[in-house]
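Q:
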Amino acid sequence: MESLIFDQLAFARKNTLRILEGVTESDATRTPENFRNHILWHAGHIYLVQERFAFMLHGFDAQLPESFMALFAAGTTPLTWTETPPSMSEVIDRLGQQQQRIQLALADKLMDKAPSPYTTSSGFRLETIGEFLNFTLYHEGMHISTIKHYKMLLNL
Numbered sequence: 001m002e003s004l005i006f007d008q009l010a011f012a013r014k015n016t017l018r019i020l021e022g023v024t025e026s027d028a029t030r031t032p033e034n035f036r037n038h039i040l041w042h043a044g045h046i047y048l049v050q051e052r053f054a055f056m057l058h059g060f061d062a063q064l065p066e067s068f069m070a071l072f073a074a075g076t077t078p079l080t081w082t083e084t085p086p087s088m089s090e091v092i093d094r095l096g097q098q099q100q101r102i103q104l105a106l107a108d109k110l111m112d113k114a115p116s117p118y119t120t121s122s123g124f125r126l127e128t129i130g131e132f133l134n135f136t137l138y139h140e141g142m143h144i145s146t147i148k149h150y151k152m153l154l155n156l
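Note that UniProt numbering gives residue 84 to position 84 of the sequence shown, counting from 1, and the numbers run on in steps of one.
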């Protein structure tokens, strides 16, 4: 089961990176009409949530710049940003390295209980590290779907 989760995480991330390929820095920060966020926000949010669910919520060291919580946490929007965000290329680099770090750090830990169970905003309860990682597959897919729609709306 462990290799299945890590294989699925790698597969999802490979597709995420493929979808982000070719998105320019300026296009990444264009917000479609009647929306609150842009492609950069969604990419940064994917990274942030996976860092939280893989590392932070279990007391493990995360690689999360201090500004990412203010920029990319749920409920945030570039419409109210007061600090300079990372570049799209920086976020893509972080996304590209994240899966390998997760696998190296969490191999043989997927059945371990989290320090505290967590109930997602959609009402799903997570109790083991593997359950947290598995949930990020759904989360990433949801945001990739949004990025695909944004690309269509922005004619990218």
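All C-beta atoms in this analysis are idealised placements derived from N, C-alpha and C, irrespective of residue type, glycine included.
From the DSSP output, in three-state form, read off P78 for me.
A: Helix.
Q: With 16 other CB atoms within 10 Å as the buried threshold, where does F11 fall?
A: Looking at its Cβ environment, which holds fewer than 16 other Cβ atoms inside 10 Å, F11 is exposed.
Q: Would you tell me roughly how many angstroms separate the C-alpha atoms of S121 and E21, rounded to the nearest one?
A: The straight-line gap from Cα to Cα measures roughly 30 Å.
Q: Taking a contact to mean a Cβ-Cβ separation below 9 Å, would you say T77 touches N37 in this structure?
A: Yes, these two residues count as a Cβ contact at 9 Å.
Q: Label A54 either buried or exposed according to how many other C-beta atoms from any shown protein chain fall within 10 Å of its C-beta, with 16 as the threshold for buried.
A: Classification for A54: buried.
Q: Within the 9 Å Cβ cut-off, does T77 reach chain C?
A: No chain C appears in this structure, which consists of one protein chain only.
Q: Tell whether a beta-carbon distance below 9 Å holds between Y47 and L95.
A: For Y47 and L95, yes; Cβs fall inside 9 Å.
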